[in-house]
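Anchor point for the sequence shown: position 166 equals 576 in the working numbering, and the numbering is continuous, going up by one each time.
Just so you know, even glycine gets a beta-carbon here, dropped at the ideal spot from N, CA and C.
Down below is the structure, laid out as structure tokens.
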Amino acid sequence: MNFDLIILIIVFSYFRSILKSKILLPKIDKFLLIGLGLSIVLLIISTYSFYSNYVIPWIAHTMLGGLIYLSFAKVEFKPVKPFIYSITPLVIVNFLEDVTKIINSNFHSEWEKYFGIAAFFSFIWFIAMLLIYRKQRKAIEREQLKAIEREKEFQQSELLKAKLEIQVAERTAELRKQKEELQNTLNELKSTQAQLIQSEKMASLGELTAGIAHEIQNPLNFVNNFAEVSNEMIDEANQELAVGTEASVMLAKEILTDIQQNLEKITHHGKRAGDIVKGMLQHSRTSSSQKEPTDINALADEYLRLSYHGLRAKDK
């Protein structure tokens, strides 16, 4: 049985396993699968054919050399370099033994035992390095799994962060909308309040104006009435004076006396209306920050008058 073919079968199988060529590198996997099948066929042939042992080992050496070259020349074969390092001494020992067997069979016979020892230690080296590499590979795989888990956790945290940011943005938008609605409501309330205050002012002003107008109307009515009566009395006095008798003259004097009394009443009520207007003017004058002396009695009298006018306007 050719030992190189067994190594070749192991190498092809290991390459396919490490590279995951069936999934990741389908073209290379096809090449490795052909090489694996060819190695198995050669191993079967070498088992049943004696003469093939002179040709098949060199086919195996050629194939192993090609695999070693590819592992160093192609980037795709980089993951299998540690495996190549572990198996290279065994391949070299077998190659040198086959070379010496062809060049000088006597030398090979003398050194066959040493070649066997070298092959044994190369095989021990291969097993030891294979175990170390396997241990390292498992450690790397564990680290990769941890890295994948960390990446998943990071992605989950980023997803949760994105969801929280969306929720915060939505909540902020809701709060902003509520704030705008409250601000609009507040503005409407202020506007309504201003309108109510203005309405109250106008109503109060209307009541006060009605009371003052009523108060002014009374003396004006007296003035108008006494003026009309006095005008009629003047006509009557002129008629009596036109008669010229002593009795008519005396009657005219009495009429003039009554007219004088009417004029005094007209003057009194005119002053009364003037006082009301004067009070209104004083009430409506522009106030200043300068302090001035005030007649408390006049202020109380004005306050009572305005209150009286307001009450009378409400009664009406």
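In terms of alpha-carbon separation, which member of the options lies closest to residue i?
i    : options                   : result
L418 : K681, L443 and A604       : L443
D414 : G621, L435 and T457       : T457
A528 : S515, K437, V501 and L540 : V501
P467 : A549, D508 and E712       : D508
K727 : N628, I669 and K600       : With the chain running from 411 to 726 in the structure shown, residue 727 is simply not present.
T667 : M643, M539 and G654       : M643
E712 : I622, I665 and E702       : I622
V465 : L570, L606, I512 and G475 : I512
Whole angstroms are fine: how far does the CA of residue j sit from the CA of residue i?
i    : j    : result
Q577 : A583 : 10 Å
K556 : I542 : 21 Å
T595 : R715 : 42 Å
R426 : I534 : 23 Å
R581 : E551 : 44 Å
V659 : A652 : 9 Å
S717 : H678 : 23 Å
N641 : E656 : 23 Å
I537 : E575 : 55 Å
R560 : F525 : 51 Å
E522 : I469 : 22 Å
E638 : N597 : 59 Å
K562 : A572 : 15 Å
A604 : K589 : 22 Å
E591 : T602 : 16 Å
On the CB-based measure, 16 or more other CB atoms within 10 Å of its CB, does residue i come out buried or exposed?
i    : result
V421 : buried
V633 : buried
N504 : buried
D645 : exposed
H624 : exposed
M400 : The displayed coordinates of the chain run from 411 to 726. Any statement about residue 400 would go beyond what the structure contains.
I706 : exposed
E650 : buried
S567 : exposed
L477 : buried
R586 : exposed
I669 : buried
S356 : The structure shown does not extend to residue 356, since the chain is modelled only from 411 through 726, so no value can be given for it.
I416 : exposed
I812 : Outside the displayed span of the chain (411 to 726) sits residue 812, for which this structure offers no information.
A579 : exposed
Within its chain, find whatever has a CB closer than 8 Å to the CB of residue i; leave out the 5 residues flanking it on each side and keep chain order.
i    : result
I626 : A683, I686 and V687
E486 : L429, L435 and I438
M411 : Bear in mind that a pLDDT of 47 at M411, under 50, signals an unreliable position, so the number given afterwards is only what the model happens to contain. These residues qualify, in order along the chain: L453, S456 and T457.
L446 : I419, F422, S423 and R426
Since residue i contacts residue j with CB under 8 Å, what's their CB separation in whole angstroms?
i    : j    : result
S496 : V490 : The Cβ separation is near 10 Å, so there is no contact.
Y424 : F530 : That belief does not hold up - the Cβ atoms of Y424 and F530 are roughly 21 Å apart, past 8 Å.
F748 : K675 : It is not possible to answer for residue 748, since the shown part of the chain is limited to 411 through 726.
Leaving out the 5 sequence neighbours to the left and right, which residues in its chain are closer than 6 Å to residue i when beta-carbon positions are compared?
i    : result
K432 : D439
H471 : F505
T510 : F517 and H518
P499 : S532 and W535
In chain order, what residues of the same chain lie with their CB nearer than 7 Å to the CB of residue i, ignoring the 5 residues before and after it?
i    : result
N672 : F636, V639 and S640
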